[in-house]
Amino acid sequence: MEVKRSSDVIGLPSGWVREEVVRKSGLSAGKTDVYYYSPDGIKCRSKPQLARLVGDNIDLTAFDFRSGKILQSSLRKNKRLKGATFDYTRGVRHDASLVLPIRQTASIFKQPVTVKRNHPQSKTRTDLKHGPQDQPKQLFWEKRLQGLNASDITAEVFQVLDLPRSIKGVGPNLTDENLLQSVAAALHLSNQPLTGQQATKALMDKNPGVNINTDQPLIQALVVTDEDIRRQERRGAIGDRDVEKKVQASYKYGKLKSTNNIGRLQTT
DNA sequence: TGTCTCGGCGG
DNA sequence: CCGCCGAGACA
């Protein structure tokens, strides 16, 4: 029984657990089954079953059951009924913990674009090979969030978190909060290990358009040592045996194509 | 009886 | 091909 558990998967509401079980025999050996456990321990083995459990409270259309993440492409799908006015309430029923904050201004949200090409068979057309392409991301989109604060229900502004010394930003005048947003968004959306930016800060400043890897957060590539992991684990009162297991697990997640981003910052 | 696991149907 | 669920195996 090969089981991977990720108790605190980023992107899932707290209390939910995602589990991957690899089939070890039979014709379908090697295939993985994904299960979710609700906060009260109910096991879900399919998206319909999950939808039944959460009812109308959470809209799961953008939720990818297998990966446990939000489907980037479906966030910006342009579906407009002909003749009908745009439904501004669409999207507000998403659980806040499942979707990124996206401005839903009518003029900007879900507008179609038309692509015109000079050359009928330009190279860019044939370069669409790595699966479906996502909407272009604005470079340094994080900066648009500057000056905006999250607050609780009493309008009390949440305190900005401190970042570890080892995390260094690579953009122009990015705040710590920007970096956090950048990392959080990447954890939400990326199916790949997060490594940070490989290019040097100087190179990025010189020509961001060329040198930025938009799949990665705007932090310099950093090395996470075993000791880093152990130190972090000790901060939450976890027994040493568990710590050791988690260190091992982090290696595993780093090697396998897992959907759990925790422990998947590049190790050497 | 409940859980785990793989088969296999149907989209 | 893959999501979903049935049902056999096993405790």
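Under the numbering used here, think of the first position of the first sequence as 38, with each following residue one higher.
Glycine included, every Cβ here is placed at the ideal spot set by N, Cα and C.
For clarity, every value in this text was computed on a predicted model and none was experimentally measured.
- Counting C-beta pairs with one atom in each stretch, the stretch 251 to 259 and the stretch 219 to 230 have three or more that are closer than 8 Å, which means they touch.
- The DSSP-derived three-state label of residue 205 is coil.
- As far as DSSP is concerned, residue 179 takes part in no beta bridge.
- Of all C-beta pairs linking the stretch 172 to 190 to the stretch 198 to 209, three or more are shorter than 8 Å, placing the two stretches in contact.
- Judged by DSSP in its simplified three-state form, residue 268 adopts helix.
- By the neighbour-count criterion, in which 16 or more other beta carbons inside 10 Å mark a residue as buried, residue 183 falls on the exposed side.
- Boundaries of the beta strand (DSSP E) harbouring residue 57: 54 to 59, taken from the DSSP string.
- When DSSP states are grouped into helix, strand and coil, residue 219 belongs to the helix group.
- The shortest C-alpha to C-alpha distance from residue 181 to any of 215, 250, 56 is the one to 215.
- In the three-state reduction of the DSSP assignment, residue 86 falls in the helix class.
- Taking the Cα of residue 262 as reference, the smallest distance to any Cα among 203, 191, 228 is reached at 203.
- For residue 247, the uninterrupted alpha helix (DSSP H) run begins and ends at 245 to 248, by DSSP.
- Straight across, the Cα-Cα distance linking residue 250 with residue 94 is about 36 Å.
- Of all alpha-carbon atoms in 248, 82, 185, the one lying nearest the alpha-carbon of residue 74 is that of 82.
- The beta carbon of residue 242 is closer than 6 Å to none in its chain, skipping five residues each way along the sequence.
- Within the same chain, Cβ atoms closer than 8 Å to the Cβ of residue 60 are found at 66, 67, 68, 69, 70, the five residues on either side in sequence being excluded.
- Nearest C-alpha to residue 213 among 266, 225, 198: 198.
- For the pair residue 225 and residue 247, the Cα-to-Cα distance works out to about 24 Å.
- In the structure shown, the three-state DSSP call for residue 106 is strand.
- The three-state secondary structure of residue 80, taken from DSSP, is strand.
- Setting aside the 5 residues that flank it on each side, residue 236 is surrounded in the same chain by 248, each with a C-beta closer than 6 Å to its C-beta; the list follows chain order.
- Residue range 69 to 74 is occupied by the beta strand (DSSP E) that includes residue 70.
- Contact between residue 52 and residue 85 does not hold, since the beta-carbon distance rounds to 21 Å and is not under 8 Å.
- Between residue 233 and residue 259, the gap from beta carbon to beta carbon is short of 7 Å.
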